[in-house]
Ligand code: PMV
């Protein structure tokens with residue numbers, strides 16, 4: 002059977018960094034995200050063909066990338082037939098723009114449908130999580146918490162919606178410092194940090210209260226409160242990266258320049274807060290009213306600024 006699905010990426014406002022179970026992608030901390038449009042991944046799946054063939058952004062995947070997709074499909078059906086996948090992003094892949102979040106959410110939705118299954122959103126989230134942790138948050142639109150869960154099999158570690166897309170008309174501006182594929186994957190960076198950073202224990206301990214704080218900020222639409230906990234979560238995560246051995250440094254000079262600009266904007270009374278992921282790009286949380294002033298300031302340091310808004314849920318086409 003054939004099916005096509007579309008999913009938006011999400012960025013974490015409170016970060017996922019570290020795993021308590023690597024095989025199942027069970028997180029060391031809970032996290033909270035916002036789903037972002039118009040960035041999207043569109044994935045078509047043909048379940049039952051001659052041979053496995055995975056085409057990602059016009060290139061056929063081989064080696065590790067292909068193995069990762071094949072293993073994911075095996076989770077859907079251990080006795081599956083060969084599968085053909087065509088997946089395209091309308092934004093740069095593997096540059097800290099959360100492309101794996103939309104990729105595995107769209108794949109989970111399209112592949113289960115093509116396999117003739119009808120999972121719930123929670124089951125899809127649990128499945129997507131095993132492809133890429135952040136993908137567990139991209140099935141829903143708006144604001145999503147990925148709970149820690151307690152069960153060893155991970156069936157209670159999945160996303161759940163906190164507030165829909167219509168709840169809050171925020172903007173996230175992506176200051177594109179680089180769209181090159183990063184040298185250290187989020188998976189590798191996360192594992193190295195967890196194994197070697199002496200700050201990691203403090204990161205894990207302080208994670209749950211950040212999610213509670215962010216959930217309250219989202220519910221009450223308090224941007225200053227949300228931006229403050231988001232920056233704090235980001236900087237704590239970056240602190241664990243910097244203190245890993247060897248250090249995991251995704252920042253480039255323009256990354257730091259943008260961070261200073263965001264702080265300066267706030268001192269001028271503009272509501273803008275910064276976050277980063279496993280890459281050099283900076284995402285700035287702001288209002289629709291302030292977005293154009295923030296964009297002009299970011300353009301002093303980077304050529305490309307993407308202005309994103311809160312997106313809706315993943316869906317079948
Ligand atoms: O799901 P992964 O393996 O791409 O990891 C995502 C990690 C961060 O983007 C840094 C944080 C997050 O919560 O998305």
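Numbering (the working numbering), first residue to last: 2 to 318. Positions of the beta carbon are idealized from the N, C-alpha and C atoms, including for glycine. Values in this document were obtained by computation on a predicted structure and should not be read as measured data.
Reference residue i, options the options, closest by Cα
i: residue 24; options: 199, 153 and 14; result: 153
i: residue 262; options: 237, 51, 44 and 300; result: 300
i: residue 128; options: 72, 181, 182 and 55; result: 72
i: residue 131; options: 182, 110 and 76; result: 76
i: residue 216; options: 158, 269 and 145; result: 145
i: residue 79; options: 116, 19 and 141; result: 116
i: residue 280; options: 273, 256, 3 and 266; result: 256
i: residue 179; options: 26, 202, 307 and 49; result: 307
i: residue 201; options: 4, 161, 21 and 48; result: 21
i: residue 264; options: 225, 237 and 119; result: 225
i: residue 104; options: 57, 271, 199 and 163; result: 57
i: residue 188; options: 36, 167 and 65; result: 65
Proximity below 9 angstroms, CB of residue i to CB of residue j
i: residue 106; j: residue 42; result: yes
i: residue 169; j: residue 143; result: yes
i: residue 219; j: residue 227; result: yes
i: residue 31; j: residue 209; result: yes
i: residue 40; j: residue 312; result: yes
i: residue 14; j: residue 286; result: yes
i: residue 309; j: residue 38; result: yes
i: residue 204; j: residue 28; result: no
i: residue 8; j: residue 114; result: no
i: residue 102; j: residue 138; result: yes
i: residue 212; j: residue 74; result: no
i: residue 235; j: residue 16; result: yes
i: residue 259; j: residue 303; result: yes
i: residue 141; j: residue 4; result: no
i: residue 161; j: residue 121; result: no
i: residue 19; j: residue 195; result: yes
i: residue 51; j: residue 67; result: no
i: residue 275; j: residue 214; result: no
Classification of residue i by the beta-carbon crowding that lies within 10 angstroms, buried from 16 upward
i: residue 108; result: buried
i: residue 282; result: buried
i: residue 59; result: exposed
i: residue 155; result: buried
i: residue 90; result: buried
i: residue 11; result: buried
i: residue 290; result: exposed
i: residue 159; result: buried
i: residue 278; result: buried
i: residue 126; result: buried
i: residue 191; result: buried
i: residue 119; result: exposed
i: residue 182; result: exposed
Identify every run of the alpha helix (DSSP H) within the segment 170-253, keeping only runs that are complete inside it and at least 4 residues long; order them along the chain. The qualifying runs are 187-197, 201-220 and 224-243.
So, do the segment 166-184 and the segment 295-302 have three or more beta carbon pairs nearer to each other than 8 angstroms? Touching, yes.
Stretch pair the segment 136-156 + the segment 231-246: three plus CB contacts closer than 8 angstroms: No contact exists between the segment 136-156 and the segment 231-246.
With a cut-off of 8 angstroms, do at least 3 Cβ pairs link the segment 37-55 to the segment 79-91? As far as the Cβ criterion goes, the segment 37-55 touches the segment 79-91, which means the pair count is three or higher.
Run through the segment 272-317 for me and flag every whole alpha helix (DSSP H) of 4 or more residues, listed as ranges in chain order. DSSP assignment within the segment 272-317 yields the following whole alpha helix (DSSP H) runs of 4 residues or more, N-terminal first: 292-299.
Segments assigned alpha helix (DSSP H), at least 4 residues, entirely inside the segment 59-100: For the segment 59-100, whole alpha helix (DSSP H) runs of length 4 or above, ordered along the chain, are 64-77.
What are the start and end residues of each continuous beta strand (DSSP E) run of 3 or more residues lying completely inside the segment 97-162, in chain order? Counting only runs that start and end inside the segment 97-162, the beta strand (DSSP E) elements of at least 3 residues fall at 144-147.
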